[in-house]
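Asker: Residue numbers (the working numbering): 764 to 1038.
Where a beta carbon is used, it is the ideal one built from N, C-alpha and C, also for glycine.
Please see the structure below; I have some questions.
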Amino acid sequence: MNSILLTVALVAVIGLVGSVILVVASRVLAVDEDERLGDVVAMLPGANCGSCGYPGCEGYAKAMLDGAACNSCGPGGPETAQRLAAYLGVDAGDVVVKRAIVACRGTQDRIVLKEREGYQGAPSCRVYSTMGHLSEGCTDGCIGYGDCVGACPYGALSLNKNHVAVVDPAVCIGCGLCTTICPRQLISLQEKSDVDEVSFVLCHNTLMGKRAKDACANTCIGCRRCVRVCPHDCITVENNVARIDISRCVGCKACMHVCPEGAIYPLAWIPLDER
């Protein structure tokens, strides 16, 4: 009996000593939290999208309190930057406006839609892309199950009549959540250029010539005509797909006029009903 009581007493003493050590340690090692943190977090849009480069709105708020710039929140825009700057007593700076764009103009008769008819798995782009089936279609285009549509909390994405994801630039806030959900990396955030209509290639098809055309009627075939006519050398062809450096594009539209497949569009305005 005495041994049982001794054991209980010993455990109690160990627990008491442990709790005292934890209390002392918590006070000694405590990090004082800036009282402004809650206010700064409340000023942010709460998207927790990470487009600022930090882990969520609270992470960005802590970074700003440590001196980070106030103009990295794309969803918040200039208004949020000005509000944060006024509160923190710093300069807001210029906010870079970004919008998502899907680099695909797949047609209704593209092969991938026909191949989907025999697919028995979950209706998900990510699941479909992991299946080991052979494809004669474009393996770089929009699969069309709409994972990105479901991931957008603002309703900026939809599927058009060709089962291709499209972004409504009037609704998109540039949070970037859709860019991480697409298994084929077709969606990217693009900065709003000072030029009204910079050119952008709406295709990722890496197939060549006839193979590319057989897979999809709306495709870049890597013909390099756009490269030859660009007066500012801002177009290159990589993996059989033209790529345009929009930071150097002046919006002359020469590339659009010579593209035989109509794969190049003005980035500033891409109407939903034309994609």
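Under the DSSP definition of a beta bridge, which residues are partnered with Thr999?
Answerer: Arg1006
Asker: I want to know whether the stretch 917–929 touches the stretch 964–980 - three or more CB-CB distances under 8 Å.
Answerer: Contact between the stretch 917–929 and the stretch 964–980 is absent, with fewer than three C-beta pairs closer than 8 Å.
Asker: Pull up the distance between the alpha-carbon of Cys1022 and that of Pro1029, whole angstroms please.
Answerer: 13 Å
Asker: Taking Leu807 and Cys836 to be in contact with their CB atoms under 8 Å, please state how far apart those CB atoms are, rounded to whole angstroms.
Answerer: That pair is a contact at about 6 Å.
Asker: Kindly list the residues whose CB is nearer than 6 Å to the CB of Val784, restricted to its own chain and excluding five residues on each side of it in sequence; keep chain order.
Answerer: Val is not the amino acid found at residue 784; the sequence shown has Ile there. Excluding residues within five positions, none has a Cβ falling inside 6 Å.
Asker: Kindly indicate the opening and closing residues of the alpha helix (DSSP H) around Val853.
Answerer: Neither: Val853 is in no alpha helix (DSSP H) and is coded neither H nor E.
Asker: Going along the chain, which unbroken runs of the alpha helix (DSSP H) with 4 or more residues stay wholly within the stretch 848–915?
Answerer: 874–879, 888–893, 910–914
Asker: Inspect the CB distances between the stretch 931–947 and the stretch 845–853 and report whether three or more fall short of 8 Å.
Answerer: no
Asker: Distance, Cα to Cα, Thr982 vs Leu965?
Answerer: 8 Å
Asker: On the DSSP bridge list, what partners appear for Tyr917?
Answerer: Tyr917 is not bridged to any residue.
Asker: Could you name the residues of the same chain whose beta carbon sits closer than 6 Å to that of Glu821, not counting the 5 residues immediately before and after it, in chain order?
Answerer: Val804
Asker: On the three-state DSSP scale, how would you describe Glu1037?
Answerer: Note that Glu1037 scores a pLDDT of 47, beneath 50, so its modelled location is shaky; the value from the coordinates is reported in the next line. Here Glu1037 sits in helix by DSSP.
Asker: With a 10 Å radius around its C-beta and 16 neighbouring C-beta atoms as the bar for buried, classify Leu773 as buried or exposed.
Answerer: exposed
Asker: Can you tell me the Cβ-Cβ gap for Arg879 and Gly904, rounded? I've got them flagged as a contact below 8 Å.
Answerer: Arg879 to Gly904, Cβ: 12 Å. No contact.
Asker: Using three-state DSSP, classify Leu1030 as helix, strand or coil.
Answerer: coil
Asker: Output the boundary residues of the alpha helix (DSSP H) element that contains Val992.
Answerer: Counting along the chain, the alpha helix (DSSP H) containing Val992 begins and ends at 988–992.
Asker: Quick check on the burial criterion: 16 or more other C-beta atoms within 10 angstroms. Buried or exposed for Leu940?
Answerer: buried
Asker: Under 8 Å, do Gly840 and Val858 count as touching if we go by C-beta distance?
Answerer: yes
Asker: Bridge partners of Ile950, per DSSP?
Answerer: Val865
Asker: Distance, Cα to Cα, Val934 vs Val875?
Answerer: 29 Å
Asker: For Arg987 and Ala975, what's the separation of their Cα atoms in angstroms?
Answerer: Approximately 15 Å, taken between the alpha carbons.
Asker: Is the CB-CB distance between Ala1017 and Pro994 below 8 Å?
Answerer: yes
Asker: Where do the ends of the beta strand (DSSP E) carrying Ala928 lie?
Answerer: 928–930
Asker: In the DSSP output, what is Leu785 paired with across the bridge?
Answerer: Paired residue(s): none; Leu785 is not in a bridge.
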